[in-house]
Amino acid sequence: MATMCSAVRNGLLLAPVLGLFLLGTGDLRAEIVPVGTEEAARLMGYVYADLDGDSVRDDFERPIRLVEILLRGTDENGQTVNRSTVTRYDGTYVFDDLLAGLYEIIEIQPYKYIEGKPNAPGTAGGKAKGSNRFVGISLEAGVEATGYNFGEWGLKPKYVSKRPYLSLVPEPSTLVMLMAGVGLLVLARRQAARAN
Ligand SMILES: [Ca+2]
Ligand SMILES: [Ca+2]
């Protein structure tokens with residue numbers, strides 16, 4: 220009984236200490252895990268061939284893949300952010316797991332394409348600075364900001380493939396076979412005429 224009373228007494232004494240400890244770990248967890256939780260923010264956009272030059276992505280305009288996109292900025296903790304990614308096959312790019320902060324997005328101009336006109340900034344604001352940069356994007360915690368798009372005017376002439384046009388011209392071997400076929404046909408008709 221004495222031991223039990225002692226255990227209860229010790230438990231009562233330890234409870235506040237344990238509570239403070241749990242409170243402390245809770246606070247610590249809240250500070251450590253903002254990235255990857257609902258607090259994490261994202262910045263997204265698209266690179267496309269703006270064939271009609273209206274600075275808007277239309278349904279008939281195709282995506283441009285493997286374009287390098289840079290993210291620069293300072294997060295809410297004062298940490299410098301310096302990341303890069305490339306556009307996917309559908310032309311999209313994403314910067315995940317961002318803290319709130321002030322950011323800019325830079326497109327490395329794809330060298331095969333003619334520079335397009337600046338696009339309007341996406342849903343977290345900021346402004347376009349030239350055709351390849353959005354600056355002053357003030358991103359809040361947990362926000363999924365999209366629409367930071369870059370439009371190009373299409374391929375430079377020297378990179379336009381001539382294959383579709385060349386495929387309409389017969390290969391030399393095909394021409395030789397065709398001529399031989401016509402020759403045999405003419406010979407057969409002459410022989411038939413002589414026989415008559
Ligand atoms: Ca367009
Ligand atoms: Ca561009």
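The sequence shown lines up with residues 220 to 415 when you count with my numbering. Note that CB positions come from ideal geometry on N, CA and C, so glycine has one too. In this text the structure is predicted, and so the values were computed from the model without any measurement.
Residue i in three-state terms, based on DSSP
i	result
L270	coil
K377	helix
V362	coil
V305	strand
Residue i versus residue j: straight-line alpha-carbon distance, rounded
i	j	result
G373	M263	22 angstroms
R409	G402	11 angstroms
F279	F369	16 angstroms
I288	K375	21 angstroms
Cutoff 8 angstroms; reference residue i; Cβ partners in own chain excluding five residues on either side
i	result
P340	K346, A347, F353, I356, G366, Y367
E359	A260, A319, A343
A364	A260, R261, L262, M263, G341, T342, A343, I356, L358
Unbroken beta strand (DSSP E) run spanning residue i, endpoints
i	result
G320	320-326
L290	287-294
G341	Unbroken run through G341: none, as it is neither H nor E.
S350	Per DSSP, S350 belongs to no beta strand (DSSP E) and is neither H nor E.
Neighbourhood of residue i by C-beta, 7 angstroms cutoff - its chain only, sequence neighbours within 5 removed
i	result
G230	Its pLDDT being 48, under 50, G230 is placed unreliably in this model, and the coordinates cannot settle the point.
Close Cβ partners of residue i (< 6 angstroms) along its chain, the five nearest in sequence each way excluded
i	result
L247	Only weak support exists for where L247 lies, its pLDDT of 44 falling under 50; the value from the coordinates is given anyway. Excluding residues within five positions, none has a Cβ falling inside 6 angstroms.
V305	L285, E287
8 angstroms Cβ cutoff, residue i in contact with chain B
i	result
V286	Considering every chain present, this structure includes no chain B. It has just one protein chain.
Does the pairing of the region 265-281 with the region 289-296 give three or more beta-carbon distances under 8 angstroms? no
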